[in-house]
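A short write-up of the structure that comes next.
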Amino acid sequence: MSQETLKFAQEQVAQGRLVALVTVTETSGSSPASVGQLMAVAEDGQAVGTVGGGMTEHLVTRQAVAAIQSGQRFFRFSFDHAENGMVCGGDMQGFGNILGSENHLYLFGGGHVGQSLAKLALLTGFFVTVAEDRPEFEQVFSGAFSGVRYLLCRPQDYGQKIALPRSAFAVICTRGHATDDEALRFCLSNPPRYIGMIGSVKKVETLFTRLRAEGVPEEVLGSIYTPVGLDVASAVPAEIAVAVMAEILLIKNGGTLNHKRSLKPAPPCGQ
Numbered sequence: 001m002s003q004e005t006l007k008f009a010q011e012q013v014a015q016g017r018l019v020a021l022v023t024v025t026e027t028s029g030s031s032p033a034s035v036g037q038l039m040a041v042a043e044d045g046q047a048v049g050t051v052g053g054g055m056t057e058h059l060v061t062r063q064a065v066a067a068i069q070s071g072q073r074f075f076r077f078s079f080d081h082a083e084n085g086m087v088c089g090g091d092m093q094g095f096g097n098i099l100g101s102e103n104h105l106y107l108f109g110g111g112h113v114g115q116s117l118a119k120l121a122l123l124t125g126f127f128v129t130v131a132e133d134r135p136e137f138e139q140v141f142s143g144a145f146s147g148v149r150y151l152l153c154r155p156q157d158y159g160q161k162i163a164l165p166r167s168a169f170a171v172i173c174t175r176g177h178a179t180d181d182e183a184l185r186f187c188l189s190n191p192p193r194y195i196g197m198i199g200s201v202k203k204v205e206t207l208f209t210r211l212r213a214e215g216v217p218e219e220v221l222g223s224i225y226t227p228v229g230l231d232v233a234s235a236v237p238a239e240i241a242v243a244v245m246a247e248i249l250l251i252k253n254g255g256t257l258n259h260k261r262s263l264k265p266a267p268p269c270g271q
C-alpha cells in the first residue's frame, strides 16, 4: 500500500499538481490507525492509502485539501476518535507535507496569447494547466506543448474540475467577455497568489462596475492585474505573453520594475 501511495504522490507531482503526503506518527487506545501509515491526498481530494478509515480519515483528507489550497507546505493533525463519532475510541496524531512545485500557472483560455504564455512558462520552470472549452485546442496543446495539462472544461464547471492553490498564478485570456467574467469569478472565489486578466480598459471597467454593484470590495478588485502585464506597447500575442510573463516573474521573485542599467552598481570589494 505504501508503494501505491508513493507512486500516486509521484505521479501528481510529475503532472504539476500539489499533493499532501500524510503520515501517522502516534496512536493510543484502540485506534484503527497504525504508526507509519501513509496517505496521499491530491488537490481535488482524491486519496490513495489510509490513515485508519472512517470519519477521522475523512477529516484528515479535508485538512490536507485545505492546506494545499491555502498555500501551506506542512501541517499537523490530532484527532480523538470518540469525539468524531467512532466507537473504537483512541486517538492518533501525525503530519502532512505538501509536495510539488509552487510555480504553477493556470491559463483560462488557450488562444494565441495562451499558447505563447504556455511556452514561456514552461521555459521558466512553471507547470502549466490550460482550461479551455473548445475541443479543437486540445490537439494543439498535446502536440506542441509537452508538459502542459489540458482540461477540456466549460467555465461553469471550473469549480468541479479545478482546485486552485493559493500559491498558484492565474491568467484569464478566454475567447470573450462572458467567459472572462466566469473565469474571474471562479478565481476570486479562492484567490491564488496572482490573478491577471487580458482586456481593454473599457472591458475591465464594465466588469468591475458589475462586481462592485454585487458587493465585491474595492481592495479585492485592486488586487487583480488588469490590463495584465508590463507596458511593452504591443498588440502582438507573443509580445503580450512576454509582458505578462515578465510581470509574473517580478512577483514570483520579489523583484522591482527597473532597468538594470539604472541601478547603482555595488562598490568594488574592499571599498
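For the sequence shown, the residue numbers in my numbering are 1 to 271. Where a beta carbon is used, it is the ideal one built from N, C-alpha and C, also for glycine. Small disclaimer: the values here were computed from a predicted structure and weren't measured.
Helix, strand or coil at Glu182 according to DSSP, with G and I counted as helix: In the three-state DSSP reduction, Glu182 falls in the helix class (H, G or I).
Ser223 classed as buried or exposed, judged by whether at least 16 other C-beta atoms fall within 10 angstroms: Exposed, because fewer than 16 other Cβ atoms sit within 10 Å of the Cβ of Ser223.
Distance between Ala14 and Pro237 (C-alpha atoms, nearest Å): One C-alpha to the other measures close to 29 Å.
Three CB pairs or more closer than 8 Å across the region 160-178 and the region 189-199: Segments in contact, yes.
Of the residues Thr226, Val244, Leu221, Ala131, the one placed nearest Val232, counting alpha carbons only: Relative to Val232, the option among Thr226, Val244, Leu221, Ala131 whose CA is nearest is Val244.
Any beta strand (DSSP E) of 3 or more consecutive residues that is wholly inside the region 112-169: Listed in chain order, they are 127-132, 148-152.
Straight-line gap, Gly159 to Glu138 (C-alpha atoms, nearest Å): Whole-angstrom Cα-Cα distance: 20 Å.
Nearest to Arg134 (by Cα), restricted to the options Val128, Pro155, Val148: Of the candidates Val128, Pro155, Val148, the residue whose Cα lies closest to the Cα of Arg134 is Pro155.
Nearest-angstrom Cα separation, counted from Arg62 out to Thr27: Approximately 20 Å, taken between the alpha carbons.
Residue from Gly94, Leu107, Val220 whose Cα sits closest to the Cα of Asp277: This structure cannot speak to residue 277, because the chain is shown only from 1 to 271.
Backbone CA spacing between Glu239 and Ala121 [nearest angstrom]: Annotation: Glu239 to Ala121 spans about 14 Å, alpha carbon to alpha carbon.
Touch test, the region 5-13 against the region 39-48, Cβ-Cβ under 8 Å, three pairs minimum: By the C-beta criterion, the region 5-13 is judged to be in contact with the region 39-48, since at least 3 inter-stretch pairs fall below 8 Å.
Identity of the residues DSSP links to Asn97 by a beta bridge: Answer by DSSP bridge pairing, in chain order: Leu21, Phe74.
Contact under 7 Å by Cβ, Val51 with Val24: The answer is yes: Cβ separation under 7 Å.
Runs of alpha helix (DSSP H) wholly within the region 185-238 (minimum 4 residues, chain order): Fully enclosed alpha helix (DSSP H) runs of 4 or longer: 201-213, 218-222.
Beta bridge counterpart(s) of Ile172 as assigned by DSSP: Phe108, Met197.
Reference Gly54, options Pro165, Ala178, Ala33, Gly29, closest by Cα: Closest in C-alpha terms to Gly54, from the list Pro165, Ala178, Ala33, Gly29, comes Ala33.
Alpha-carbon to alpha-carbon, Val228 and Asn258: Answer to the nearest angstrom: the Cα atoms are 18 Å apart.
When Gln3, Asn103, Gln93, Asp80 are compared against Leu250, the one with the closest alpha-carbon: Comparing Cα positions, the closest option is Asn103.
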